[in-house]
Amino acid sequence: MSIELFNLKDKVALITGSTHGLGMAMAMGLGKAGATIVVNGNSSQEKIDNALAAYRREGVNAVGYKFNVADEKDVIVSIKKIETEVGNIDILVNNAGIIKRTPLAQMEVEDFKQVLDIDLVSPFIVSKQVVKGMMERQSGKIINICSMMSQLGRNTVGAYAAAKGGLVMLTKNMATEWARHNIQVNGIGPGYFATSQTAPIRIDGHPFNDFIVNRTPAAKWGDPNDLAGAAIFLSSQASDFVNGHILYVDGGILATIGKPSNEL
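Mapped onto my numbering, the consecutive letters of the sequence shown carry residue numbers 277 to 540.
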């Protein structure tokens, strides 16, 4: 019975930005739990096709749709197409995002706005379209991918942190308004993970690698697969009375002030 709580068989899950990285890891987990995965990307059809091949090699039932999550008209058309061709969307994971590492005093306003558009406005745009069907069915799960940077500051990521902090509050307000329709809206806040993007700085002796390993109580970078369990939990019956919660998957970083550099 307990295993059935996490069974996503016959569910359709749309994961934005799921052609690679953490989005793919979470989508792969949902797919292996039984869900049909709707892969989204906006860079190229080739990248979507390559991602679909990777999902299918792992036995995951996946289909792909190229659309811009920050373009409301594109989202409206695409969501309708997905619902017609694949089925009702039971699970939405708002994962698509960007980061621009620029000191705030030097950052162009247009770059700041672009980060907010993709990281904060697009979850609102996509959720607004998907939730209509969820309300009609009186059932649904929405997961917004937040960040530790919603709680902490760091040099050069001011726009990203502002967007993710806003996304935390958007998550709580979505939960507040939609809970009465049996829709659970929660967030996942990833810590520092070992991905292809972080590979150049995950070398022993690299200052940032040493900083992350020493700053994290688990003393290591996260494996992208570590996010799968959190995504499955928040997508399944097991979280039916969990709403407006941000689940930080960070190896304990937010639990501690850190340790002195000379600590054994």
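Think of the CB as a built atom: it goes at the ideal place given N, C-alpha and C, for glycine as much as any other residue.
Since this is a predicted model, take the numbers as computed values, not measurements.
Put simply, the region 282-301 does not touch the region 488-496. Fewer than three CB pairs are less than 8 Å apart. Non-local C-beta neighbours of Asn485 in its own chain, meaning closer than 7 Å and more than five positions away in sequence, comprise Ile477, Arg478 and Ile479, ordered along the chain. Taking the C-beta atoms as reference points, Leu281 is found no nearer than 8 Å to Ala475. The distance from the Cβ of Ile365 to that of Glu359 is about 7 Å, consistent with a contact at the 8 Å cut-off.
The beta-carbon distance between Ser426 and Val444, rounded to whole angstroms, is 5 Å. This is short enough to meet the 8 Å contact definition.
The Cβ atoms of Ile488 and Val433 do not sit closer than 8 Å to each other.
The region 417-426 and the region 518-531 touch, with three or more beta-carbon pairs separated by less than 8 Å.
Rounded to whole angstroms, the separation of the alpha carbons of Val402 and Ala329 is 25 Å.
Contact between the region 500-515 and the region 449-457 is absent, with fewer than three C-beta pairs closer than 8 Å. Per DSSP, the continuous alpha helix (DSSP H) segment holding Ala451 begins and ends at Gly434 to Trp454.
The closest CA to that of Tyr468, considering only Lys287, Asn449, Ser511 and Gly297, is found on Gly297. Per DSSP, Leu298 lies in no beta strand (DSSP E) segment; the continuous alpha helix (DSSP H) that holds it begins and ends at Gly297 to Lys308. Cβ neighbours of Val336 within its own chain (closer than 7 Å, five residues either side excluded): Met304, Gly307, Lys308 and Ile313. Nearest Cα to Val315 within the set Ala338, Glu334 and Gln321: Ala338. Of the candidates Asn519, Val397 and Val288, the residue whose Cα lies closest to the Cα of Asp347 is Val397. Val351 and Glu361 have their C-alpha atoms spaced approximately 15 Å apart. Close CB contacts of Asn371 within its chain, under the 6 Å cut and outside five residues either way in sequence, are with Ile291, Thr292, Gly293, Gly299 and Ile421 (chain order).
Secondary structure of Pro466 (DSSP, three-state): strand. Setting aside the 5 residues that flank it on each side, Leu510 is surrounded in the same chain by Ile419 and Asn462, each with a C-beta closer than 6 Å to its C-beta; the list follows chain order. Excluding residues up to 5 positions away in sequence, Ala451, Ala455 and Gln460 lie with their Cβ nearer than 6 Å to the Cβ of Asn519 in the same chain. For Lys285 against Gly310, the beta-carbon gap comes to about 4 Å, under 8 Å, which counts as contact. In the three-state DSSP reduction, Gln405 falls in the helix class (H, G or I). Listed in chain order, the non-local C-beta contacts of Ile324 below 7 Å within the same chain comprise Thr295, Val315, Gly317, Gly340 and Lys342, local neighbours out to five positions each way being set aside. Beta-bridge partners of Gln460 (DSSP): Lys417.
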